[in-house]
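This note's numbering puts the first residue of the first sequence at 13, with every later residue one more than the last.
Cβ atoms here follow ideal geometry from the backbone N, Cα and C, with glycine treated the same way.
Quick caveat, the model's predicted, so the values are computed rather than measured.
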Amino acid sequence: MRHWLVKTEPDVFSIADLRVLGRSPWDGVRNYQARNSMRDDMRLGDPVLVYHSNAKPPALVGLAEVVREAYPDHTSWDPESSYHDPASTPEDPRWCMVDIGWVETFGREVPLDELRSHADGALADMPLVGKSRLSVQPVTPEQFRFLCDLAGARSVTPTGRIRRRRS
DNA sequence: GCCAACGTTGGC
DNA sequence: GCCAACGTTGGC
Numbered sequence: 013m014r015h016w017l018v019k020t021e022p023d024v025f026s027i028a029d030l031r032v033l034g035r036s037p038w039d040g041v042r043n044y045q046a047r048n049s050m051r052d053d054m055r056l057g058d059p060v061l062v063y064h065s066n067a068k069p070p071a072l073v074g075l076a077e078v079v080r081e082a083y084p085d086h087t088s089w090d091p092e093s094s095y096h097d098p099a100s101t102p103e104d105p106r107w108c109m110v111d112i113g114w115v116e117t118f119g120r121e122v123p124l125d126e127l128r129s130h131a132d133g134a135l136a137d138m139p140l141v142g143k144s145r146l147s148v149q150p151v152t153p154e155q156f157r158f159l160c161d162l163a164g165a166r167s168v169t170p171t172g173r174i175r176r177r178r179s
């Protein structure tokens with residue numbers, strides 16, 4: 013199991029939108045490193061931290077999980093889509109996506125300022141939110157634990173897994 | 001394979 | 001809206 017962080021612009025798609033939908037394809041990723049992470053390393057059930065970029069303030073806002081592993085991103089060959097890439101076709105898709113399921117919206121957002129205040133400590137090696145433009149990035153188990161503690165996450169076990177509730 | 005030009009991201 | 005940092009493209 014790996015841990016992840018994804019960025020999204022709340023004006024386009026927010027944690028609140030994900031909560032309403034329950035789950036959603038994570039489409040529109042057009043960065044090779046991010047694509048490779050999704051395609052090669054993201055697995056069902058992996059916990060995913062959700063970060064709002066281009067927000068006031070930019071912040072870590074919630075937790076999700078991978079509910080479907082990588083498959084072709086059909087928006088890439090859709091001429092109507094703003095994510096259209098002429099180099100991608102249904103026969104030879106260039107981009108992929110995973111589906112993400114909502115788990116929790118943090119009671120307390122953790123603003124970028126606060127994340128940065130740990131840049132010399134617990135978050136030292138994080139491809140720092142803000143410094144990196146990676147829209148899908150891996151997070152170490154230690155960083156994940158630390159970030160969940162900062163946010164007061166309620167849906168995570170001590171070993172960094174998603175806590176399932178009985179229904 | 002280098003690197004300049006260009007486009008995009010994302011904080012401010 | 002600005003602009004710095006970064007990724008991608010394409011000529012050579």
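(request) Inspect the beta-carbon positions of residue 76 and residue 115 and report whether they are closer than 9 Å. (result) Here residue 76 is taken as the residue at index 64 of the first sequence, counted from 1. Here residue 115 is taken as the residue at index 103 of the first sequence, counted from 1. Yes, these two residues count as a Cβ contact at 9 Å.
(request) Specify the secondary structure class of residue 32 as computed by DSSP and reduced to three states. (result) For the purposes of this step, residue 32 is taken as residue 20 along the first sequence, with counting starting at 1. Helix at residue 32.
(request) Determine the direct distance from the alpha carbon of residue 57 to that of residue 49, and round the result to whole angstroms. (result) Counting from one through the first sequence, the residue named residue 49 turns up at place 37. Counting from one through the first sequence, the residue named residue 57 turns up at place 45. One Cα belongs to residue 49, the other to residue 57, and the distance between them is close to 15 Å.
(request) Could you have a look at residue 126 and say whether DSSP puts it in helix, strand or coil? (result) As a position in the first sequence, residue 126 is number 114, starting the count at 1. Secondary structure at residue 126: helix, using DSSP grouped into helix, strand and coil.
(request) Count the other C-beta atoms from every protein chain shown that fall within 10 angstroms of the C-beta of residue 85, then say buried if there are 16 or more, exposed otherwise. (result) Taking the first residue of the first sequence as position 1, residue 85 is located at position 73. Under this definition residue 85 is a buried residue.
(request) Assuming residue 73 contacts residue 27 (C-beta within less than 8 Å), just tell me the rounded distance between them. (result) For this step, residue 73 is matched to residue 61 along the first sequence. For this step, residue 27 is matched to residue 15 along the first sequence. Residue 73 to residue 27, Cβ: 5 Å. Contact.
(message) Could you pull the DSSP bridge partners for residue 76 from this structure?
(response) Residue mapping note: residue 76 aligns to position 64 of the first sequence, counting from 1. DSSP, once it has assigned bridges, lists 60 and 114 as partnering residue 76.
(request) Starting from the C-beta of residue 46, find all residues in its chain whose C-beta is less than 8 Å away, skip the five residues before and the five after it, and write them out in chain order. (result) Start at 1 with the first residue of the first sequence, and residue 46 comes out as number 34. Excluding positions up to five away in sequence, the list reads 146, 147, 148 and 149.
(request) On a CA-only basis, which of 54, 131 and 59 is nearest residue 165? Give me that one, please. (result) Here the question's residue 165 lines up with position 153 in the first sequence. The shortest CA-to-CA distance from residue 165 to any of 54, 131 and 59 is the one to 59.
(request) Starting from the Cα of residue 83, find the closest Cα among 107, 89 and 140 and give me that residue. (result) For the purposes of this step, residue 83 is identified with residue 71 of the first sequence, where counting begins at 1. Checked all of 107, 89 and 140; the closest Cα to residue 83 is 107.
(request) Could you have a look at residue 95 and say whether DSSP puts it in helix, strand or coil? (result) Stepping through the first sequence from its first residue, residue 95 is reached at position 83. Under the three-state reduction of DSSP output, residue 95 falls in the coil class, being neither helix nor strand.
(message) Please state whether the Cβ-Cβ distance between residue 70 and residue 141 is less than 9 Å.
(response) As a first step, residue 70 is located in the first sequence; it is residue number 58 there, counting from the start. As a first step, residue 141 is located in the first sequence; it is residue number 129 there, counting from the start. In contact: residue 70 and residue 141 (Cβ atoms closer than 9 Å).
(request) May I ask which residues mark the beginning and end of the beta strand (DSSP E) holding residue 153? (result) Counting from one through the first sequence, the residue named residue 153 turns up at place 141. If you look at residue 153, you'll find it isn't in any beta strand (DSSP E); it sits in the alpha helix (DSSP H) that goes 153-163.
(request) Buried or exposed for residue 22, please, with buried defined as at least 16 other CB atoms from any protein chain shown within 10 angstroms of its CB. (result) Taking the first residue of the first sequence as 1, we reach residue 22 at position 10. Residue 22 comes out buried.
(request) Reducing DSSP to helix, strand and coil, say where residue 20 ends up. (result) Here residue 20 is taken as the residue at index 8 of the first sequence, counted from 1. Secondary structure at residue 20: strand, using DSSP grouped into helix, strand and coil.
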